[in-house]
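Engineer: Numbered according to the UniProt record's numbering, the sequence shown spans residues 1 to 154. Take a look at the following structure, please.
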Amino acid sequence: MSQEQVSVEADETTLLDTFRQFFALERDVLVLSLAMFAFSLGFQMTSRYIPEYIVALGASGFVVGLFGTVSNIVSAVFPYPGGAISDRLGSRYALTLFGLISTLGFGVWSIAPHLGVVTVVGVEIQPWIWIFVGLLLAQGWKSFGLGATFAVVK
1 MSQEQVSVEA
11 DETTLLDTFR
21 QFFALERDVL
31 VLSLAMFAFS
41 LGFQMTSRYI
51 PEYIVALGAS
61 GFVVGLFGTV
71 SNIVSAVFPY
81 PGGAISDRLG
91 SRYALTLFGL
101 ISTLGFGVWS
111 IAPHLGVVTV
121 VGVEIQPWIW
131 IFVGLLLAQG
141 WKSFGLGATF
151 AVVK
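Here it is as structure tokens:
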């Protein structure tokens, strides 16, 4: 009887179950690992081309340097409010929230050329400004600090 149960259970395993069993990953760890891989890949892929993208949108070399500076400042500052938000909402909800915000930032980067020049109260906002807005949103993933990452895994 027990052999029949074993064979039935073996037939019901999926490819994902096999992958998880091979790496001995719990569901939380697997989801977190895949999310971190995806967002890290996104940041690494875009970070190499964003300066040229900004120039293509009409910005100067000074703005490209400013983008790098703002990116470093945001990377240093965002984990502090991100940690406070994570403590209030809980690590799992914060992970989801920061992931959605970061995805929105990548979306802003992708539609920046289509927004064109926007005039607000007589001030023209150039398309490359949207790259900075996208930066603030895309860096939301980095708000989810290392401590909160370990809290999800626990």
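Note that CB positions come from ideal geometry on N, CA and C, so glycine has one too.
Would you grab the beta carbon distance between residue 165 and residue 70 for me? Rounded to a whole angstrom, and I think it's under 8 angstroms.
Structural biologist: It is not possible to answer for residue 165, since the shown part of the chain is limited to 1 through 154.
Engineer: Is the distance from the Cβ of residue 128 to the Cβ of residue 57 below 9 angstroms?
Structural biologist: Against a cut-off of 9 angstroms, the Cβ pair of residue 57 and residue 128 comes out as a contact.
Engineer: Any idea which residues DSSP pairs residue 119 with across the strands?
Structural biologist: 124.
Engineer: Apply the 10 Å Cβ neighbour rule to residue 98 and answer buried if 16 or more other Cβ atoms are within range, or exposed otherwise.
Structural biologist: By the 10 Å Cβ count, residue 98 comes out buried.
Engineer: What number of angstroms, rounded off, separates the C-alpha of residue 49 from the C-alpha of residue 12?
Structural biologist: Roughly 45 angstroms separates the two Cα atoms.
Engineer: Using DSSP with H/G/I as helix, E/B as strand and the rest coil, what is residue 58?
Structural biologist: Coil at residue 58, not helix or strand.
Engineer: On a CA-only basis, which of 28, 40, 83, 30 is nearest residue 156? Give me that one, please.
Structural biologist: Any question about residue 156 goes unanswered here, given that the chain covers just 1 to 154.
Engineer: Using the rule of at least 16 other Cβ atoms within 10 Å of the residue's Cβ for burial, across every protein chain shown, is residue 21 buried or exposed?
Structural biologist: Classification for residue 21: exposed.
Engineer: Judging by CA-CA distance, which residue of 29, 101, 30, 62 is the nearest neighbour of residue 78?
Structural biologist: For residue 78, the nearest C-alpha among the options comes from 101.
Engineer: Express the C-alpha separation of residue 139 and residue 16 in angstroms, rounding to a whole number.
Structural biologist: Taking the straight line from one Cα to the other gives about 30 angstroms.
Engineer: Note down, one range per segment and in chain order, each alpha helix (DSSP H) of at least 4 residues found wholly within the segment 46 to 114.
Structural biologist: For the segment 46 to 114, whole alpha helix (DSSP H) runs of length 4 or above, ordered along the chain, are 61 to 77, 79 to 89.
Engineer: If you drop the 5 nearest sequence neighbours on each side, which residues of the same chain put their C-beta closer than 7 angstroms to that of residue 108?
Structural biologist: For residue 108, where only same-chain residues beyond five positions count, the Cβ hits under 7 angstroms are 130, 133, 134, 137.
Engineer: Which whole-angstrom value describes the C-beta separation of residue 64 and residue 54, a residue pair presumed to lie in contact below a C-beta threshold of 8 angstroms?
Structural biologist: With 8 angstroms as the limit, residue 64 and residue 54 qualify as a contact, their Cβ atoms being about 5 angstroms apart.
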